[in-house]
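Undergrad: Okay, so the first sequence: first residue is 6 according to our numbering, each after it adds one.
Sharing a structure, written as structure tokens. Questions coming.
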Amino acid sequence: MSATRYNAPLLEGSLRFLADLDPEQREAVTHGEGPLLVVAGAGSGKTRVLTYRMAWLLATGRAQPHNLLAVTFTNKAAGEMAERVERLLGGPLARGFVGTFHRFALQLLRKYPEKVGLPPRFAIADEEEQRRLLEAVLKELGASPTQLSPRQARQAISRIKNGSAAASDPLLAAVFEGYQAKLREAQAVDFDDMLTLAVKLLSENPELRLAIRQRFTYLLVDEFQDTNPVQMELLWQLGGPSPNLTAVGDEDQSIYRFRGAELSHILRFEHTYPGARVLTLGNNYRSTKPILAAAAAVIAHNQLRRPKKLSARGGEGEPVRLFAAMDEAEEAAWVVQDLRRERAAGRSVAVLFRVNAASRAFEGELVRWGVPYRVVGALRFWDRAEVRDALAYLRLFTNPDDALAFRRVVNVPARGLGAATLDRLEQAAREWGCSLPEAARRLPASLTPRGREALRQFWGLFTELEALAAGDLGVFVLTLLERSGLADQYRGGDEEDRARLANLDQLVSAASEASGRGLSLPGFLDEVALASEADSAETGEAVLLSTLHAAKGLEFDVVYLVGLEEGLLPLTRGEELELADEEEERRLLYVGMTRAKKKLVLTYARMRRLFGESRASRPSRFLAELPREVVRDAAAQLGRDNFRAFAPSPKPAPAPSGGENGGFRPGLRVEHPTFGRGVVLQVQASGAQTRVVVFFDRAGRKTLLPQLAKLKVLEAASERP
DNA sequence: CTGCTTCACCTTTTT
DNA sequence: GGTGAAGCAG
């Protein structure tokens with residue numbers, strides 16, 4: 006089938022959509038060729054700009070659908086974006102790609118596995134499998150858990166793979182190597198491998214790279230502030246030095262540093278892509294003035310950002326509300342009473358918290374009052390043990406050499422194939438130089454007669470399933486659940502067992518539904534592996550309970566941001582916080598605050614039970630950053646908690662802009678003899694010395710003494726509050 | 001080999 | 001308070 010063409014009448018008709026945009030948005034949407042960064046503050050319509058830009062590119066004939074490659078952060082965002090573009094155009098986005106970096110990478114790898122040395126049906130190792138492999142590697146290397154825990158190793162390896170760290174430690178290097186070997190042996194890749202291998206694929210195959218560049222002539226990236234170095238490299242492979250790249254992002258909403266995201270990608274965009282255009286969307290259409298003023302005041306304390314102004318187009322509205330609870334129970338009770346009133350008034354409501362564990366108190370309270378709610382970020386459906394067992398069977402069916410899947414389910418339900426049998430199989434696999442499942446198929450002589458028989462039965466199931474492979478996936482999965490005994494495990498049990506059965510039912514429905522969309526079994530498994538929690542965060546009638554992370558991109562009439570306490574937001578593990586970490590915590594708060602359209606409530610508890618035991622807690626340091634005039638009860642509440650005294654003494658306070666600090670103020674473009682050009686982030690007056698924090702295009706962030714550093718002022722920055 | 005009990009560790013945040 | 005590994009009896 007040929008690509009959809011948008012003919013002239015439709016074209017003219019569709020350009021009318023430009024009238025929906027404000028001048029800033031229109032400027033971004035109608036940008037021609039070359040790299041473009043759209044700095045889009047919270048609620049400034051960035052998704053609108055991205056979708057309208059895609060529509061504009063199509064409607065003006067610059068691109069055909071298959072020329073568009075749009076990358077979003079979640080699958081859900083991708084779905085919404087595609088839908089909105091299609092609605093604007095009244096036509097399908099056939100063969101255009103709209104999805105996550107990972108999905109794009111996986112698609113490439115599925116198409117050309119042999120070019121990067123992968124077996125055609127490689128598996129995707131989930132977190133638990135990663136941990137298992139790492140435990141084994143660490144054990145083999147004789148590393149004590151105090152040296153390097155599997156968890157630390159996983160984090161470190163992930164950072165190395167996504168390019169935000171190097172393997173400098175010898176032990177870590179050895180673990181890395183052992184881990185990769187085991188992954189390959191199991192014919193699996195982990196999440197980070199998808200990206201690194203996609204980069205490898207493109208960088209080592211010039212003809213393929215060229216073909217892809219010729220096909221995808223327009224690149225669009227959402228949430229650009231959360232890209233990590235490998236993703237940047239992938240973009241580079243896809244677009245080269247002067248791509249038609251539209252990057253949309255906001256450094257104030259970067260909340261994935263822990264996952265390797267680097268703020269410098271957005272802050273240094275013009276340097277990475279010389280000649281790039283940078284546009285700013287400065288109108289916030291989401292929140293009322295008090296909400297936005299409060300959020301802006303908080304985020305202004307960050308140094309690693311472009312100073313900018315976001316003006317509220319919304320009305321005055323009610324002040325931000327602050328509530329101090331005795332403990333987490335009172336916090337939940339108060340919030341639920343308040344949100345019941347809001348719901349009665351027909352407003353959408355969310356409760357946001359820093360850590361998943363905080364949702365429990367609210368769930369209890371909501372159940373008590375019969376308020377419908379949805380939890381995002383709790384144990385994901387796809388992560389439930391019974392679902393994973395079933396998926397492992399499916400994986401093994403898809404790839405008979407998937408050792409990780411085999412290991413998971415040979416003995417589920419128990420069929421007498423325990424540790425001893427697995428040891429023998431492993432031994433045999435080593436001797437024969439084949440995969441573990443392959444050894445199990447060859448039934449080595451070392452097996453006991455019972456083990457042999459059990460394995461025969463086990464494989465018999467797969468033979469039986471062959472006959473159904475071509476049919477409906479739902480039927481296939483249902484048969485699998487019955488014949489394997491997975492379902493029987495939970496029959497006639499307690500409430501928990503019934504819940505498990507219900508989950509398995511849901512899996513059957515999901516498979517059936519995927520089948521209806523034309524997905525094959527491998528396609529279904531890939532989709533499941535890439536599914537994220539945020540994907541399921543529908544904003545319906547129910548109250549949404551969500552982590553701050555998972556709430557990014559959503560909006561609600563009323564937002565309750567709870568647990569604003571030292572140690573919880575900012576989250577610390579005992580030790581003090583580095584500046585970069587504190588700033589990320591502040592951004593998290595900012596993201597949460599800017600989800601609110603009409604009403605924002607911030608709460609904290611003086612006593613919180615975390616971990617079984619009760620601990621006295623202090624209000625978050627960020628509360629001291631709220632401008633009192635927009636916060637109701639602030640003086641009373643904070644005064645009662647002697648809050649100012651609690652607030653840790655801040656770093657040298659940001660100097661008032663335009664002050665007497667040698668003529669430097671945030672936002673100024675400057676030049677340095679060694680570091681080159683940059684922008685002033687902050688001016689610190691401490692004693693007689695003035696220090697200037699500058700973010701250099703090439704050299705990154707530096708703190709300088711301008712008296713010594715020969716900093717030259719280039720120009721006044723465009724935005725000035 | 002299984003299923004039970006006990007014990008340690010844990011907690012960010014997620015594609 | 002929850003999970004998962006380890007240890008032990010049948």
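Every residue gets a Cβ at the ideal spot worked out from N, C-alpha and C, and that includes glycine.
Going residue by residue through the segment 292 to 331, where are the continuous alpha helix (DSSP H) segments of at least 4 residues, counting only ones entirely within it?
TA: Counting whole runs of 4 or more residues, the segment 292 to 331 contains the alpha helix (DSSP H) stretches 294 to 304.
Undergrad: State the start and end residues of the unbroken beta strand (DSSP E) segment that holds Arg379.
TA: Looking at the DSSP string, the run of the beta strand (DSSP E) that includes Arg379 is 378 to 380.
Undergrad: May I have the straight-line CA-CA distance separating Lys313 from Asp27, to the nearest angstrom?
TA: Going from the Cα of Lys313 to the Cα of Asp27 covers about 18 Å.
Undergrad: Assuming Asn233 and Ala266 make a contact with CB atoms under 8 Å, what is their CB distance in whole Å?
TA: 5 Å between Cβ atoms; contact.
Undergrad: Let me check understanding here. Comparing Cα to Cα, which of Gln494, Leu524, Leu506 lies closest to Gly476?
TA: Checked all of Gln494, Leu524, Leu506; the closest Cα to Gly476 is Leu524.
Undergrad: For Ser537, I'd like the list of residues in its chain whose CB is within less than 7 Å of its CB, leaving aside the five on either flank, ordered along the chain.
TA: Only Thr79, Asn80 meet the Cβ criterion.
Undergrad: Less than 8 Å between the beta carbons of Met199 and Ala110, yes or no?
TA: Taking 8 Å as the Cβ cut-off, Met199 and Ala110 qualify as a contacting pair.
Undergrad: Between the Cα of Ala488 and those of Lys604, Glu145, Phe463, spot the shortest distance and give me the residue it belongs to.
TA: Here residue 488 is Arg; the residue named in the question, Ala, does not match the sequence. Ranking the options by Cα distance to Arg488, first place goes to Phe463.
Undergrad: Check whether the Cβ atoms of Leu585 and Gln258 lie closer than 8 Å to each other.
TA: Looking at the sequence shown, residue 585 is not Leu but Ala. Result no, Cβ atoms of Ala585 and Gln258 do not sit closer than 8 Å.
Undergrad: Leaving out five residues on either side along the sequence, give the residues of the same chain with a beta carbon under 6 Å from the beta carbon of Arg505.
TA: Result list for Arg505: Glu391, Tyr495, in chain order.
Undergrad: Skipping 5 residues on each side, what residues in its chain have a beta carbon closer than 7 Å to that of Pro728?
TA: Nothing about residue 728 can be read from this structure; the chain reaches only from 6 to 726.
Undergrad: Is it the case that the Cβ atoms of Leu631 and Val303 are separated by a distance below 8 Å?
TA: In contact: Leu631 and Val303 (Cβ atoms closer than 8 Å).
Undergrad: Taking the alpha-carbon positions, what's the Val360 to Pro377 distance?
TA: Approximately 21 Å, taken between the alpha carbons.
Undergrad: What are the start and end residues of each continuous beta strand (DSSP E) run of 3 or more residues lying completely inside the segment 378 to 427, in chain order?
TA: Runs of the beta strand (DSSP E) inside the segment 378 to 427: 378 to 380.
Undergrad: Going by the CB atoms, is the gap between Pro97 and Glu91 shorter than 8 Å?
TA: Their beta carbons are under 8 Å apart, which means Glu91 touches Pro97 by this criterion.
Undergrad: Between which two residues does the alpha helix (DSSP H) harbouring Asp343 extend?
TA: It spans 333 to 349 - the alpha helix (DSSP H) in which Asp343 sits, taken as one unbroken run.
Undergrad: Do Ser364 and Leu177 have their CB atoms nearer than 8 Å?
TA: Their beta carbons are not under 8 Å apart, which means Ser364 does not touch Leu177 by this criterion.
Undergrad: Under the rule that 16 or more other beta-carbon atoms within 10 Å means buried, what is Glu665, buried or exposed?
TA: Legend: pLDDT at Glu665 = 39, less than 50; position of this residue unreliable, value from coordinates given subsequently. Glu665 comes out exposed.
Undergrad: To the nearest angstrom, how far is it from the Cα of Val482 to the Cα of Arg156?
TA: Going by the C-alpha atoms only, they are around 33 Å apart.
Undergrad: With burial defined as no fewer than 16 other Cβ atoms inside 10 Å of the residue's Cβ, what is the status of Phe106: buried or exposed?
TA: That one is buried.
Undergrad: Any idea what DSSP makes of His36, helix, strand or coil?
TA: His36: coil per DSSP, three-state reduction.
Undergrad: Please determine, among Asp394, Phe22, Gln152, Pro624, the residue with the shortest C-alpha to C-alpha distance to Leu327.
TA: The option with the nearest alpha carbon to Leu327 is Pro624.
Undergrad: In three-state terms, what does DSSP make of Arg624?
TA: First, the residue type needs correcting, since residue 624 is Pro and not Arg in the sequence shown. Reduced to three states, the DSSP call for Pro624 is strand.
Undergrad: Since Gly568 is in the beta strand (DSSP E), which residue starts that stretch and which ends it?
TA: First-last for Gly568: undefined, no H or E at that position.
Undergrad: From Gly369 to Leu399, what does the alpha carbon distance come to, in whole angstroms?
TA: Rounded to whole angstroms, Gly369 to Leu399 spans 36 Å at the Cα level.
Undergrad: From the DSSP output, in three-state form, read off Tyr223 for me.
TA: Three-state DSSP puts Tyr223 in a strand.
Undergrad: Which residue's Cα is closest to the Cα of Ala130: Leu719, Ala534, Asp638?
TA: Of the candidates Leu719, Ala534, Asp638, the one whose C-alpha sits nearest the C-alpha of Ala130 is Ala534.
Undergrad: Pick helix, strand or coil for Asp562, following the three-state DSSP scheme.
TA: DSSP places Asp562 in strand when its eight states are reduced to three.
Undergrad: Buried or exposed for Gly681, please, with buried defined as at least 16 other CB atoms from any protein chain shown within 10 angstroms of its CB.
TA: Exposed, since its Cβ has fewer than 16 Cβ neighbours within 10 Å.
Undergrad: Could you check what DSSP says for Ala75 in three-state terms: helix, strand or coil?
TA: Strand, per DSSP.
Undergrad: Alpha carbon to alpha carbon, how far is Pro248 from Leu206?
TA: For Pro248 and Leu206, the distance between alpha carbons rounds to 19 Å.
Undergrad: Is the segment 316 to 336 touching the segment 603 to 620, taking contact as three or more C-beta pairs under 8 Å?
TA: The answer is yes - the segment 603 to 620 touches the segment 316 to 336, with three or more Cβ pairs under 8 Å.
Undergrad: Would you kindly check if the distance between the Cβ of Leu594 and the Cβ of Leu573 is under 8 Å?
TA: Cβ atoms of Leu573 and Leu594: not closer than 8 Å.
Undergrad: What residue range does the alpha helix (DSSP H) around Arg373 cover?
TA: Residues 364 to 373.
Undergrad: Under 8 Å by Cβ, that's how I've got Leu516 and Leu478 pegged, so tell me the actual separation to the nearest angstrom.
TA: According to the sequence shown, residue 516 is Ala rather than Leu. Between Leu478 and Ala516 the Cβ distance is about 4 Å, and since that is below 8 Å, they are a contact.
Undergrad: For Lys116, count neighbouring C-beta atoms within 10 Å of its own C-beta (all shown protein chains included) and say buried if the count is 16 or more, exposed if not.
TA: Classification for Lys116: exposed.
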